[in-house]
Amino acid sequence: MRYHTPTSFSDAAAIAAASSGTLRFLAGGTDVLVQMRAGMVQPDDLIDLKHIPGVDRIERTAEGGWKIGIAVPGIVLGGHAELVRDWPGVVEGMNLVGSTQVQGRATLAGNLCNGSPAADSVPGLIAAGATVTVTGPNGSREIPVEAVPAGPGKTNLARGELISAITLPPRGKNGGDAYLRFIPRTEMDIAVVGCAVNLRLDGDKVVEARVALGAVAPTVLLSEACAKAIIGTTLDDAALAALAKAAEGEAKPISDKRGTKEFRIEVAGVLARRAAKIAYDRAKGMKA
Amino acid sequence: MSRIHVTATVNGDPVEFLADPRETLLDALRNHLDLTGTKEGCGTGDCGACSVTVDGTLVCSCLMLAAEANGKRVETIEGMARDGLHPLQRKFIEHAALQCGFCTPGILVAAKALLERNPDPSETEIRYWLAGNLCRCTGYDKIIRAVQDAAAEMRQDHRGAA
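Those protein sequences? They're chains A and B, same order as listed. Numbering-wise, the numbering used here comes out as the position in the first sequence, counting from 1, plus 14. Numbering-wise, the numbering used here comes out as the position in the second sequence, counting from 1, plus 57.
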């Protein structure tokens, strides 16, 4: 195995494009090292991205959003008061991944590129309308987070391409987001179902909403039906019931050892309702 | 296969060694530096027995390559006792917060990292912080009580010194 430490994303992309064997990028390593140890993946080229300047930084964008470096670990996101104030749902999703020790290494970009439909940080990013910069041998392009996962363990990135930054839009006024997941224990588990809701209010009325569901399909889903169920409402009981029904309709889960199809469909509705209420309260400026 | 020259600071001492590119920090600590206090439990980041801090951040040394530690400051269980045992180490003995002891170095390193961030954690905060440190002997209650007692003593000492 060749261990590379490029100092720019274009160099990283060039090394990746030139590699003819098994290739992995290394950010936090909390998935890659486990796969290597298990013998699932034996990289010929391992490209450590942490020597690239800026990958450990969280910066305000000119528009008032956030640019998050691809090697920023969960514990740093959770400790960033301004980011947590703007996007509590995004951060709480990431902070549910693994233990304190894993939080010391694990990254948003890694969680996204690992391609798990149950990735806890991905629904929050999608609901927030986050984008990623994809850098390849022919330059960079900006794509929405929901365009990255292709299925369990697979992404839509081409060979030689990698994520070079994650961008969150400006929070703006009267907005709130939240992420909830169901697990049968209290900590250290993989989501049976996850749901993120991001919304904006005008007075008491929801005027914008994005809802993402995790672990109920081959990829995390962005659900327009769920968003439609609450836009234009005051999130009253009728709207919450419509949201739950929409979430149940969108969920196309499998049955596995962590939950049956029927159970996951029902929980998708419950979590959508609860996450929407938390996001609504946060948009109102109430602590939740 | 070419080896990678790694220089780092471990428990305050400069160290250097040649690492296989696939070698974990855990294996390097144990096999190159003879620091065998850091244990391998699962090797997949689930059990926390290999906990160390790297530049002050608590990590599983099994989930990090030795090459990634180049230029970093690593603290292991061997660096914990300075002038006598650390309060956490004494309280673990007083409260009998261990049986076989295999998980203990990792739990001590993790608990120390917690108390450096938060000198007065609630029981819930301690339990969540240590959720990634598995112990199959004690049932955790004695561990939590030992951490609480050590935290109280360290707060007292801190006030005494101020």
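From the three backbone atoms N, C-alpha and C, an ideal C-beta is built for every residue, glycine too. Since the model is a prediction, treat every value here as computed from it, not as a measurement.
Please go through the same chain and pick out, in chain order, the residues whose beta-carbon is closer than 7 Å to the beta-carbon of residue i, but skip the five residues on each side of it.
| i | result |
| --- | --- |
| SER34 (chain A) | none |
| GLU77 (chain A) | PRO184 |
| ILE134 (chain B) | GLY94, THR95, PRO162, LEU165 and VAL166 |
| ALA256 (chain A) | ALA243 |
| GLU97 (chain B) | LEU83, ALA106, CYS107 and CYS119 |
| VAL69 (chain A) | LEU63, GLY83, ILE84 and ALA85 |
| LYS199 (chain B) | HIS152, ALA153 and ALA154 |
| ARG60 (chain B) | LEU75, ALA76 and ASP77 |
Just to confirm before moving on: does the CB-CB distance between residue i and residue j stay below 8 Å?
| i | j | result |
| --- | --- | --- |
| LEU155 (chain B) | SER118 (chain B) | no |
| VAL211 (chain A) | ILE245 (chain A) | no |
| ILE164 (chain B) | CYS192 (chain B) | yes |
| TRP186 (chain B) | PRO176 (chain B) | no |
| ASN125 (chain A) | MET108 (chain A) | yes |
| LEU194 (chain A) | ALA289 (chain A) | yes |
| GLU156 (chain A) | THR169 (chain A) | no |
| LEU227 (chain A) | ALA282 (chain A) | yes |
| TYR294 (chain A) | LEU235 (chain A) | no |
| LEU120 (chain B) | LEU47 (chain A) | yes |
| ASP62 (chain A) | GLU125 (chain B) | yes |
| ALA41 (chain A) | ILE84 (chain A) | yes |
| CYS160 (chain B) | ASN127 (chain B) | no |
| LEU37 (chain A) | ASP58 (chain A) | yes |
| LYS34 (chain B) | ALA207 (chain B) | No answer is possible for residue 34 (chain B): the residues shown for chain B start at 58 and end at 219. |
I'd like to know whether the C-beta of residue i is nearer than 8 Å to at least one C-beta of chain B.
| i | result |
| --- | --- |
| ILE204 (chain A) | no |
| ILE72 (chain A) | no |
| LEU171 (chain A) | no |
| ILE89 (chain A) | yes |
| THR145 (chain A) | no |
| GLY43 (chain A) | yes |
| ASP134 (chain A) | no |
| TYR193 (chain A) | no |
| ARG51 (chain A) | yes |
| ARG119 (chain A) | yes |
| ARG48 (chain A) | The sequence shown places Val at residue 48 (chain A), rather than the Arg named in the question. It does; some Cβ of chain B falls within 8 Å. |
| MET15 (chain A) | yes |
| GLU201 (chain A) | yes |
Roughly how far, in whole angstroms, is the beta-carbon of residue i from the beta-carbon of residue j, given that I think they are within contact range, below 8 Å?
| i | j | result |
| --- | --- | --- |
| VAL206 (chain A) | ARG287 (chain A) | At roughly 16 Å, the Cβ-Cβ gap does not stay under 8 Å, so VAL206 (chain A) and ARG287 (chain A) are not in contact. |
| LEU176 (chain A) | PHE39 (chain A) | 5 Å |
| MET202 (chain A) | ALA188 (chain B) | 5 Å |
| TYR17 (chain A) | PRO78 (chain B) | 4 Å |
| ASP63 (chain B) | LEU90 (chain B) | Per the sequence shown, residue 63 (chain B) should be read as Val rather than Asp. Incorrect: roughly 10 Å between the Cβ atoms, too far for contact. |
| PRO381 (chain A) | PRO102 (chain A) | Residue 381 (chain A) lies beyond the residue range present for chain A, which begins at 15 and ends at 302; the question has no answer from this structure. |
| THR233 (chain A) | ALA164 (chain A) | 7 Å |
| PHE23 (chain A) | THR181 (chain A) | In fact, because the Cβ distance is near 15 Å, the residues do not count as touching under 8 Å. |
| PRO162 (chain B) | GLY94 (chain B) | 5 Å |
| ALA30 (chain A) | GLY174 (chain A) | 5 Å |
| ASP191 (chain A) | VAL98 (chain A) | Contact doesn't hold; Cβ gap of about 11 Å is too wide. |
| CYS209 (chain A) | PRO137 (chain A) | 6 Å |
| LEU115 (chain A) | GLY105 (chain B) | As written in the sequence, residue 115 (chain A) is Gln, which differs from the Leu given in the question. With a Cβ gap of about 6 Å, GLN115 (chain A) and GLY105 (chain B) count as contacting. |
| GLY69 (chain B) | GLY136 (chain B) | 7 Å |
| ARG119 (chain A) | PRO87 (chain A) | 5 Å |
| PRO267 (chain A) | VAL230 (chain A) | 4 Å |
| LEU122 (chain B) | GLU80 (chain B) | 7 Å |
| GLY318 (chain A) | ALA297 (chain A) | Coverage of chain A is limited to positions 15 through 302, which leaves residue 318 (chain A) absent and any answer about it impossible. |
If I measure Cβ to Cβ from residue i and keep anything under 6 Å in the same chain, skipping five residues before and after, which residues do I get?
| i | result |
| --- | --- |
| VAL111 (chain B) | LYS129 and VAL131 |
| SER14 (chain A) | Chain A is shown only over 15 to 302; residue 14 (chain A) falls outside these bounds and no answer can be derived. |
| LYS271 (chain A) | none |
| THR75 (chain A) | LYS81 |
| ALA179 (chain A) | LYS81 and THR147 |
Counting only beta-carbon atoms, is residue i nearer than 8 Å to chain A?
| i | result |
| --- | --- |
| ARG202 (chain B) | no |
| PRO78 (chain B) | yes |
| LEU131 (chain B) | Looking at the sequence provided, one finds Val at residue 131 (chain B) rather than Leu. Not closer than 8 Å to any Cβ of chain A, the Cβ of VAL131 (chain B) fails to qualify, so no. |
| THR101 (chain B) | yes |
| MET121 (chain B) | yes |
| ALA188 (chain B) | yes |
| ALA126 (chain B) | no |
| CYS192 (chain B) | no |
| LEU142 (chain B) | no |
| VAL67 (chain B) | no |
| CYS117 (chain B) | yes |
| ALA167 (chain B) | yes |
| SER108 (chain B) | yes |
Using a Cβ cut-off of 8 Å (strictly closer), state whether residue i contacts chain D.
| i | result |
| --- | --- |
| GLY105 (chain B) | Structure shown: chain D not included; protein chains present are A and B. |
Please return the same chain residues whose Cβ sits closer than 8 Å to the Cβ of residue i, not counting the five positions on each side in sequence.
| i | result |
| --- | --- |
| ILE183 (chain B) | ALA168, LEU171, ILE201, VAL204 and GLN205 |
| HIS215 (chain B) | PRO176 |
| MET211 (chain B) | PRO144, LEU172 and PRO176 |
| ALA85 (chain B) | VAL63, PHE74, ALA76, ALA123 and ALA126 |
Quick one: does the C-beta of residue i sit closer than 7 Å to a heavy atom of the ligand ZN?
| i | result |
| --- | --- |
| LEU249 (chain A) | Here there are no bound small molecules, and the ligand ZN is not part of this structure. |
For this session: Counting only runs of 3+ residues fully inside the segment 80 to 140 of chain B, write out the beta strand (DSSP E) ranges in chain order.
Result: 108 to 111, 114 to 117 and 130 to 132
Exercise. Could you give the uninterrupted runs of the beta strand (DSSP E) lying entirely in the segment 102 to 150 of chain A, keeping only those of 3 residues or more?
Worked result: 145 to 150
For this session: Output the residue ranges of the alpha helix (DSSP H) runs that lie fully inside the segment 219 to 296 of chain A and measure 4 residues or longer, sorted by chain position.
Result: Within the segment 219 to 296 of chain A, the complete alpha helix (DSSP H) runs of at least 4 residues are 238 to 244 and 251 to 264.
Problem set entry | Start-end ranges of the alpha helix (DSSP H) lying completely within the segment 51 to 93 of chain A, minimum 4 residues | 88 to 92
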